[in-house]
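One structure is given here, and the rest of the page talks about it.
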Amino acid sequence: MSIPAGGIYAVLGANGAGKTTLLRSVLGLAPHDGSIEFDGNSIGEISTFRRARKGIALVPEGRRLFPDFSVAENLRIGAINRPPSPDVEEDMENICGMFPVLRTRFNQRASTLSGGEGQMLAIGRALMSRPKLLLLDEPSAGLMPKVVREIFEMIRTIPQQGKTVLLVEQNARKALSVADHVAVLEVGRIVLEGPVSELRDDPRIKAAYLGG
Ligand SMILES: Nc1ncnc2c1ncn2[C@@H]1O[C@H](COP(=O)(O)OP(=O)(O)O)[C@@H](O)[C@H]1O
Ligand SMILES: [Mg+2]
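In the working numbering, the protein residues as written are 1488 to 1699.
Structure (structure tokens):
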């Protein structure tokens, strides 16, 4: 796979296709064959820590927040690789601007958030590392349509910050509404790949993911 910089690249696939494993392997959290390049450098053999330092952040499946820490603390943890600086507070401000509900919950424990708020916090926490590449694992999972819409409206704007998004989804309709490129994953293999403008109406995607 080749992910063009500065856009949204969606990977569709059924449950068990290997989507999570794909994202985890980019960060060295799952093993891989072949090679992984990022920004022209080979990163397949360096530690997860160093890959994160190079500008890759994961919003994991199931969000994985720190439930007993506040919203503010969860955000600050996202900046753990950055030196303390006023920029960190500024970024927290910006993220609360993107997701205003986080500001209203700022000092509440993450465990008190709704599913949608938790997903917003998970995305915010990942953005706090100032990644160049954001890996999103099924951000729509388990959320009501209205909340999914809100989150995808925000995801759509991420490339405007000069970032690249690799988005894994079972919600094909939603993913295709924001992505420029799409790939279909079946049992660990890419079976179809290309610009969304060409593949949106492809019968193979329609039949499998959009209800025909
Ligand atoms: N490329 C692969 N080669 C071998 N096993 C894989 C590969 N990708 C995923 N798996 C295995 O398949 C199972 C489902 O993968 P997962 O990444 O959780 O799928 P998804 O996120 O699409 O539901 C896991 O047990 C994983 O270890
Ligand atoms: Mg998964």
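All C-beta atoms, glycine included, are put in the ideal place defined by N, C-alpha and C.
Thr1591 CB to nearest heavy atom of ligand 2 below 7 Å: Your numbering for residue 1591 matches position 104 in the sequence shown. For ligand 2, not one heavy atom lies less than 7 Å from the Cβ of Thr1591.
Say the cut is 7 Å; is the CB of Lys1541 nearer than that to a heavy atom of ligand 2? Residue mapping note: residue 1541 aligns to position 54 of the sequence shown, counting from 1. Checking the Cβ of Lys1541 against ligand 2 gives no.
Which residues, in chain order, sit with a beta-carbon under 6 Å away from any heavy atom of ligand 1? Residues flagged by the Cβ proximity filter: Gly1500, Asn1502, Gly1503, Ala1504, Gly1505, Lys1506, Thr1507, Thr1508, Gly1675.
For the stretch 1632 to 1644 and the stretch 1598 to 1611, state whether three or more C-beta atom pairs, one from each stretch, are separated by less than 8 Å. Touching, per the Cβ criterion.
What does the alpha-carbon distance come out to for the pair Ala1501 and Leu1653? For this step, residue 1501 is matched to residue 14 along the sequence shown. For this step, residue 1653 is matched to residue 166 along the sequence shown. Straight-line measurement puts the Cα of Leu1653 at about 17 Å from the Cα of Ala1501.
Would the beta-carbon of Glu1625 be found less than 7 Å away from any heavy atom of ligand 2? For the purposes of this step, residue 1625 is taken as the residue at position 138 of the sequence shown. Glu1625: yes, Cβ under 7 Å from ligand 2.
Gly1681, DSSP secondary structure in three states: Looking up residue 1681 in the sequence shown gives position 194. Residue state, collapsed to three classes: strand.
Please name the residue, chosen from Asp1526, Leu1679, Pro1690, that lies closest to Leu1499 on a Cα-to-Cα basis. Working through the sequence shown from its first residue, we reach residue 1499 at position 12. Ranking Asp1526, Leu1679, Pro1690 by Cα distance to Leu1499 puts Leu1679 first.
How far does the alpha helix (DSSP H) with Asp1624 in it extend, from its first residue to its last? In the sequence shown, residue 1624 corresponds to position 137, counting from 1. That residue, Asp1624, is in no alpha helix (DSSP H); its beta strand (DSSP E) goes 1620 to 1624.
Please classify Ser1616 as buried or exposed, where buried requires at least 16 other C-beta atoms within 10 Å of its C-beta. If you number the sequence shown from 1, residue 1616 lands on position 129. Classification of Ser1616: buried, given that the 10 Å Cβ count is 16 or more.
Taking buried to mean at least 16 other C-beta atoms within 10 Å of its own C-beta, is Gly1442 buried or exposed? Missing from the structure shown is residue 1442; the chain here goes from 1488 to 1699 and no further.
Going by C-alpha distance, which of Met1641, Arg1569, Leu1509, Ala1492 is nearest Val1671? In the sequence shown, counting from the first residue as 1, residue 1671 sits at position 184. When only C-alpha atoms are compared, the closest one is Leu1509.
Does the beta-carbon of Glu1548, which I'm using as the reference point, lie nearer than 7 Å to any heavy atom of ligand 4? Ligand 4 is not among the ligands present in this structure, which contains only ligand 1 and ligand 2.
Is there contact here, the stretch 1579 to 1599 with the stretch 1530 to 1544, by at least three beta-carbon pairs under 8 Å? They do not touch, by the three-pair rule.
Could you give the C-beta distance for Lys1619 and Gly1542, rounded to a whole number, given that I count them as a contact under 8 Å? Within the sequence shown, numbered from 1, the residue matching residue 1619 stands at position 132. Within the sequence shown, numbered from 1, the residue matching residue 1542 stands at position 55. 4 Å between Cβ atoms; contact.
Helix or strand or just coil, what does DSSP make of Ala1597? Sequence index remark: in the sequence shown, residue 1597 carries index 110 (1-based). In the three-state reduction of the DSSP assignment, Ala1597 falls in the helix class.
Indicate whether Ala1666 and Tyr1496 have their beta-carbon atoms separated by less than 8 Å. Here residue 1666 refers to the residue found at position 179 of the sequence shown. Here residue 1496 refers to the residue found at position 9 of the sequence shown. Judged by beta-carbon spacing, Tyr1496 lies within the 8 Å limit of Ala1666, meaning their Cβ atoms are closer than that value.
Proximity below 8 Å, CB of Ala1597 to CB of Pro1554: The sequence position of residue 1597 within the sequence shown is 110, counting from 1. The sequence position of residue 1554 within the sequence shown is 67, counting from 1. Contact: yes.
Which residues does DSSP list as the beta-bridge partners of Phe1525? Here residue 1525 corresponds to residue number 38 of the sequence shown, with the count starting at 1. Residue pairing for Phe1525: DSSP places it in a beta bridge opposite Asn1528.
So Ile1533 is in the alpha helix (DSSP H); what residue range does that whole segment cover? In the sequence shown, the residue the question calls residue 1533 occupies position 46. Unbroken run through Ile1533: none, as it is neither H nor E.
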